[in-house]
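Engineer: Sharing a structure here in structure tokens format.
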Amino acid sequence: MSSVVPDRVVLDPRFAPPFPQAALPVLRNPQLRKNVAHAIDVIQGKRGKLVAEKTDWQALRTAASAIRSHALENLGAYLEQFEERCTAAGGIVHWAADAGEARSIILDLVRHENANEVIKIKTMTSAEIQLNPFLEANGVNVFETDLAEIILQLGEEEPSHIVVPALHVNRSQVREIFARRMGLKNLSDDPKELTNAARTYLRQKFLTIPTAIGGANSLIAETGSVAVVESEGNGRMCLTLPRTLITLAGIEKVIPRFQDLEVILQLLARSATGERMNPYTSLWTGVMPGDGPQEFHVVLLDNGRSSILAKPKQRQTLKCIRCAACMNACPVYRQTGGHAYGSVYPGPIGAILTPQLMNMEHAQSLPFASSLCGACYEVCPVKINIPEVLLELRSQVVNQERRQAGRIFDPLYLGLRIANFLFAGAGRFHAAQGLGRIGARLFTRKDGWIHSLPSVGAKWTQTRDLRGLPPQNFHEWWAARRKEAK
Amino acid sequence: MRASLFITCYNDTLFPETGRAVVSLLERLGVELEFNSQQTCCGQMHANTGFRREAFAQAKRFIHIYRDAETVVAPSSSCVAMMRDQYPGLIEELGDEALRKEFEALLPRVYELSEFLIDRLGMEDVGSYFPHRVAYHASCHGVRALHLGERPYRLLAKVRGLELVPIPNADRCCGFGGTFSVKNAEVSSAMLAAKLQDVVSTRAEYCTALDNSCLMHLGGAMHRQYVGMKTIHLAEILASSEADNERFPVEAIR
Amino acid sequence: MNTSSRQSILERVRSATETAAPARIAEAYAALPRDYLRQGAMTREACLDLMIERLREYDAEVVETSPEQLLAAIRAQLETSGKRIFAAPEGLPSEWLIPGLDWKVDRGLTTAEIEAAEGVVTAAFCGIADSGTIALHHSPAEGRRVLTLLPDWHLCILRASQVVETLPEYFSRCPKPPALATYISGPSATADIEMTRIKGVHGPRFLHVLLVHDESIFKVAIRQGVDSKSARSTVSDGLPALPGTPDEL
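Respectively, the protein sequence lines represent chains Y, A and B. Mapping the first sequence onto the working numbering, position 318 (from 1) lands on 307, and the numbers just tick up by one. Just add 28 to wherever you are in the second sequence, counting from 1, and you've got the working numbering. Just add 37 to wherever you are in the third sequence, counting from 1, and you've got the working numbering.
In structure tokens form, the structure reads like this:
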């Protein structure tokens, strides 16, 4: 089997099918579900042990949440401080209001180098602005250097997780991709051999391509430094070998001081991959003569973040440190994987971030892609109350939809509005219960259960029966009992 | 001790036996129960589906109905979670100072059933007898919103004859999620299938919980698939005594 | 450089938040809750044992040694490595450049020359026991970043006095934030294929650490089984001061 998912996956929120629809092909793909569940179980198992041994875990979360909130509350000041310090150290800071502007800035920088190829460190922000297709279309070859990103790039696949983007791909699928695209006929599916193939494939690129594009985990205002957290070493390669480095980062990545890393670094790897610390963390400031790139650019990206910042109930979304703990804990994500979310940001964080970045004009189904179980909030290292934001966004979507002409006939809308009317008075409520009981008899079978319902109800009875309405409900029983007592 | 019962809209309509069990249990424990027949719904369904405007009205009504109650007991952790988690935000948005005061005075007096028994009555052994193998499903609202912790387990431990079997992956959501179960029916069903596997692996006769919402979702699938297990609200287990044993006969299949 | 976007973004950001005076911001920052562990509670002995244990969990080879035994230990490591060509930072103590091997001291090595080196020897700034992390600040004795990246084999000389238990302790040791830093926690790894952790994708696949017990002569003596009298008779502070390390400040 050459393809991992049967249907073409679209990760553009403007064009992606709504979540319930997008989930269907995934739910019917046992291999994919198995791959996702396996990856999640490994991470969660490791995370669980490490969190249990970290006696100050909750105190760390409290501190991280406070640091991130404080940084957002004073974002203007901290951004300016970062720019000033980074520039003083020899970096060049650019500001991009939206994705299009960021793409243009980066292309201009690449062209300025007369470069027609770049090496790239994985950055979700670049996927958010759809950088790769844009560069390719403009004659620049982009070489992803993260193993997962190579797998996805060569396999013409889309990421399904923000930390382990190829978690939906298993080893034999990787073998097939590498064998085909790297021309390695005798490659086995042993992960060690596969990794070695990637190492060889990339070595020359690292040593010869002089322009690199990457992201940032944190921008440190106090010093104008950038921190990048990674596992494989391709980050270090891209950050030190080329002549020119371009770092793309969302404006929300700013943290006040170097010391704040002592909190974030203790939480990040444990949350993301279930390790006490990731193998390599790199920190650099502007340009260091004789060590690393001699030309360094930072492209600060807004692309909707300042709008989220302006909304008090929603601002907490920007605290995110992109650890993916939420999707690892999410029972919905466990069943659907990332592609169903139609965005480079999947899972619980994606369900709130994506529609907001789209100014609530797209991805309106995502805030509903949750059973509100709260597992995400429980594990979030920066205490984003994701369920709270989901509820807020749901009400915004409903307010939008209410205004649509045909909506009045939507069975769910109709049903809820009728229910609200009924709940407003005991008399109506009781009368409706009585009528409902009569109506339900039409659907109730001899075993006393309802096996099939029309309209919205059919969504229930697809997979579940419903017990028939009892002949006497509770308040009737209470009233009768009281009467008897007299 | 007086308590006012908030039966919840869906228990009233679909699971009156849970309400009867709560009455039987609390009266047995010497609680003087009242039932305000004006009650309808706490507003959770509307709030969770994004119908905030409607939820305001229902929240106001609830506060109004119960403002003079000494205590309020509800056999539903999701409804109590609604009041603790979402009512504060709704009330603040309404900007009604008098309502806010009423609500702040009322909230500490609202209890989920297991909280009422353990925290308010200070009891773990409530005189129950239920000689069956039982698996307890910890609903998300109970675990994460109400932080019920050990309470349900402590109550179950004191039920004579009851054999409690742990469900693997107990903290994982069953997939009901209110209107999620119909808006995302297929995903909800996938989560349900995974949960059902874990529950069935216990070979329990009964699956119990503090919320009939989760139980109707699990039980609905059990019934559809002829799974030899029943669902039962924890109140009904706690209400059972020796005299009731005929009503819940020990089943031969283990 | 695209000042109009800069202006519009900053305007949007400022109008989205309350603009506080710098003094107020600093006040608010100082008041942030930090109830996490700032200080370790282990004895030095336990802390060093933990550092060694964590390093070994990452498949790093750790050998304990004393200041007097250091040169012999370095020689042993280099000789058993099976390698001949070693890169070295410019500020590495010259005694550590064991004769008989092909040393490429970095006084401006080209990338190709570093790539041709089979191994590299460096000092370090700090070790963090909790996570088995080695922090490099790329001082002259630690070398440029590329020096500990390209060669496949890295021998790191870490002094016991440089090891702390917790990450916050490392931060409190930094006299000021470093301009460059690399934190290494084991050799590079990936878990991208079915979550199977594979060692050594890019970056050195082999990490060797010499942990030099420089803190207390008696402790060194006990650990090494050497009698305290002979231990005391050697160099009193244990190690030559390394240029560019906190010793010098």
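Idealized CB from N, CA, C, for every residue including glycine.
Between the Cα of A:Gly47 and those of A:Asp124, A:Phe63, A:Leu246, spot the shortest distance and give me the residue it belongs to.
Structural biologist: Reading the second sequence from its first residue, position 19 is the one you call residue 47 of chain A. That would be A:Phe63, whose Cα lies nearest to the Cα of A:Gly47.
Engineer: As a quick exercise: from B:Thr56, B:Ser103, B:Ala160, B:Leu47, pick the residue whose alpha carbon is nearest that of B:Ala124.
Structural biologist: Walking along the third sequence from the start, residue 124 of chain B turns up at place 87. If we check each option's Cα against that of B:Ala124, B:Ala160 comes out closest.
Engineer: List the residues that DSSP assigns as beta-bridge partners of A:Ala102.
Structural biologist: As a working mapping, residue 102 of chain A is identified with position 74 in the second sequence. According to DSSP, A:Ala102 bridges with A:Glu140.
Engineer: Report the rounded CA-to-CA distance for A:Gly150 versus Y:Ser149, giving the unit in angstroms.
Structural biologist: Translated into positions along the second sequence, residue 150 of chain A becomes position 122. Translated into positions along the first sequence, residue 149 of chain Y becomes position 160. The straight-line gap from Cα to Cα measures roughly 49 Å.
Engineer: Give a yes or no on whether 7 Å exceeds the smallest Cβ distance from B:Pro205 to chain Y.
Structural biologist: In the third sequence, residue 205 of chain B corresponds to position 168, counting from 1. With 7 Å as the cut-off, B:Pro205 counts as an interface residue toward chain Y.
Engineer: Looking only at its own chain, which residues have a Cβ that is under 7 Å from the Cβ of B:Tyr220, when we skip the five neighbours before and after it?
Structural biologist: Here residue 220 of chain B is taken as the residue at index 183 of the third sequence, counted from 1. Taken in chain order, the residues that qualify are Thr170, Ala172.
Engineer: Distance cutoff 7 Å, beta carbons only. Does B:Arg49 sit that close to anything in chain Y?
Structural biologist: Your numbering for residue 49 of chain B matches position 12 in the third sequence. Yes, its Cβ sits closer than 7 Å to a Cβ of chain Y.
Engineer: Identify every run of the beta strand (DSSP E) within the segment 58 to 125 of chain A, keeping only runs that are complete inside it and at least 3 residues long; order them along the chain.
Structural biologist: If we require 3 residues or more, the beta strand (DSSP E) runs fully inside the segment 58 to 125 of chain A come out as 60 to 62, 100 to 102.
Engineer: Going by Cα to Cα distance, which pick from B:Ser41, B:Val142, B:Leu69, B:Leu244 is closest to B:Leu195?
Structural biologist: Translated into positions along the third sequence, residue 195 of chain B becomes position 158. Nearest option by C-alpha distance: B:Leu244.
Engineer: Who are the neighbours of Y:Trp467 on chain A, taking C-beta pairs under 8 Å?
Structural biologist: For this step, residue 467 of chain Y is matched to residue 478 along the first sequence. Correct list: Gly47, Val51, Phe63, Ser65.
Engineer: Determine, using beta carbons only, whether B:Phe162 comes closer than 7 Å to chain Y.
Structural biologist: Start at 1 with the first residue of the third sequence, and residue 162 of chain B comes out as number 125. No, no contact with chain Y.
Engineer: Can you check whether the C-beta of B:Ile46 is within less than 7 Å of a C-beta belonging to chain Y?
Structural biologist: Walking along the third sequence from the start, residue 46 of chain B turns up at place 9. It does; some Cβ of chain Y falls within 7 Å.
Engineer: How long is the line joining the alpha carbons of B:Gly240 and Y:Glu102, rounded to whole angstroms?
Structural biologist: Locating residue 240 of chain B in the third sequence gives position 203, where the first residue counts as 1. Locating residue 102 of chain Y in the first sequence gives position 113, where the first residue counts as 1. B:Gly240 and Y:Glu102: Cα-Cα distance of roughly 27 Å.
Engineer: Can you name the start and end residues of the alpha helix (DSSP H) that B:Lys141 belongs to?
Structural biologist: For the purposes of this step, residue 141 of chain B is taken as the residue at position 104 of the third sequence. Per DSSP, B:Lys141 belongs to no alpha helix (DSSP H); it is in the beta strand (DSSP E), 139 to 142.
Engineer: Identify which residue in A:His160, A:Leu176, A:His165 has its Cα closest to the Cα of A:Ile146.
Structural biologist: In the second sequence, residue 146 of chain A corresponds to position 118, counting from 1. Of A:His160, A:Leu176, A:His165, the residue nearest in Cα terms is A:Leu176.
Engineer: What are the residues that DSSP puts in a beta bridge with B:Cys193?
Structural biologist: By 1-based counting over the third sequence, the position of residue 193 of chain B is 156. According to DSSP, which records beta bridges pairwise, B:Cys193 is partnered with B:Thr159, B:Val246.
Engineer: Run through DSSP, which three-state label would Y:Gly80 get?
Structural biologist: As a position in the first sequence, residue 80 of chain Y is number 91, starting the count at 1. It is a strand residue.
Engineer: Listing by chain order, which chain B residues have their CB less than 9 Å from the CB of Y:Gln255?
Structural biologist: On the first sequence, position 266 is the one that residue 255 of chain Y refers to. Under the 9 Å cutoff, chain B gives Tyr73, Asp167, Ser168, Thr203, Leu204, Pro205.
Engineer: Name the two residues that bound the continuous beta strand (DSSP E) containing A:Arg30.
Structural biologist: For the purposes of this step, residue 30 of chain A is taken as residue 2 along the second sequence, with counting starting at 1. Note, A:Arg30: beta strand (DSSP E), 30 to 33.
Engineer: For the candidate residues B:Asp251, B:Val246, B:His250, whose alpha-carbon lies nearest to that of B:Ser118?
Structural biologist: Mapped onto the third sequence, residue 118 of chain B falls at position 81. If we check each option's Cα against that of B:Ser118, B:Val246 comes out closest.
Engineer: Taking C-alpha atoms, which residue in Y:Asn317, Y:Thr343, Y:Pro320 lies nearest to Y:Gln303?
Structural biologist: Position 314 of the first sequence holds residue 303 of chain Y. The shortest Cα separation from Y:Gln303 among Y:Asn317, Y:Thr343, Y:Pro320 belongs to Y:Thr343.
Engineer: Can you grab the Cα-Cα spacing for the pair B:Ala258 / B:Arg75, in whole Å?
Structural biologist: For the purposes of this step, residue 258 of chain B is taken as residue 221 along the third sequence, with counting starting at 1. For the purposes of this step, residue 75 of chain B is taken as residue 38 along the third sequence, with counting starting at 1. Confidence at B:Ala258 is low in this model, with a pLDDT of 45, below 50, so the placement of that residue should be treated as unreliable; the coordinate-derived value is given next. Cα to Cα, the separation comes out at about 31 Å.
Engineer: Along the alpha helix (DSSP H) that carries Y:Gly89, what are the first and last residues, could you check?
Structural biologist: To locate residue 89 of chain Y, count along the first sequence from 1; it is residue 100. 88 to 101 is the span of the alpha helix (DSSP H), which, as asked, contains Y:Gly89.
Engineer: Whose C-beta lies closer than 6 Å to the C-beta of Y:Cys309 among residues of the same chain, with five residues either side of it excluded?
Structural biologist: Position 320 of the first sequence, counted from the first residue, corresponds to residue 309 of chain Y. Cβ within range, chain order: Ile338.
Engineer: From Y:Glu42 to Y:Gly446, what does the alpha carbon distance come to, in whole angstroms?
Structural biologist: Start at 1 with the first residue of the first sequence, and residue 42 of chain Y comes out as number 53. Start at 1 with the first residue of the first sequence, and residue 446 of chain Y comes out as number 457. Taking the straight line joining both Cα atoms gives about 47 Å.
Engineer: Quick one: which residues of the segment 289 to 300 of chain Y get their C-beta closer than 9 Å to a C-beta of chain A? List them in chain order.
Structural biologist: Residues passing the 9 Å Cβ filter: none.
Engineer: Once DSSP output is grouped into helix, strand and coil, what is the label at Y:Ile108?
Structural biologist: Start at 1 with the first residue of the first sequence, and residue 108 of chain Y comes out as number 119. Note: Y:Ile108 maps to strand in three-state DSSP.
Engineer: Which of the three DSSP states is assigned to Y:Lys475 in this structure?
Structural biologist: Taking the first residue of the first sequence as 1, we reach residue 475 of chain Y at position 486. Y:Lys475: coil per DSSP, three-state reduction.
Engineer: A:Glu233: buried (16+ other C-beta within 10 angstroms of its C-beta) or exposed?
Structural biologist: If you number the second sequence from 1, residue 233 of chain A lands on position 205. Buried: at least 16 other Cβ atoms inside 10 Å.
Engineer: In this structure, does DSSP put B:Ala258 in helix, strand or coil?
Structural biologist: Your numbering for residue 258 of chain B matches position 221 in the third sequence. Residue placement at B:Ala258 cannot be trusted, given a pLDDT of 45 that sits under 50; the coordinates are not used to answer.
Engineer: Residues of chain E with a CB under 8 Å from the CB of A:Asn39: which are they?
Structural biologist: Any reference to chain E falls outside this structure, whose protein chains are Y, A and B.
Engineer: Within 7 Å of any Cβ in chain B, is that where the Cβ of Y:Met113 sits?
Structural biologist: In the first sequence, counting from the first residue as 1, residue 113 of chain Y sits at position 124. It does not; no Cβ of chain B falls within 7 Å.
Engineer: In chain order, what residues of the same chain have a beta carbon less than 7 Å from the beta carbon of A:Ser52, not counting five sequence neighbours either side?
Structural biologist: Taking the second sequence and counting its residues from 1, one reaches residue 52 of chain A at position 24. Correct list, in chain order: Ala267.
Engineer: Please classify A:Lys258: does DSSP put it in a helix, a strand, or coil?
Structural biologist: Along the second sequence, read from residue 1 onward, the residue named residue 258 of chain A stands at position 230. In this structure, A:Lys258 counts as strand in the three-state DSSP scheme.
Engineer: Taking the DSSP output, what are the residues bridged to Y:Thr274?
Structural biologist: The count along the first sequence starts at 1 and reaches residue 274 of chain Y at position 285. Answer by DSSP bridge pairing, in chain order: Y:Ser214.
Engineer: So what does B:Tyr73 bridge to, in DSSP terms?
Structural biologist: On the third sequence, position 36 is the one that residue 73 of chain B refers to. B:Tyr73 pairs with nothing; no bridge assigned.
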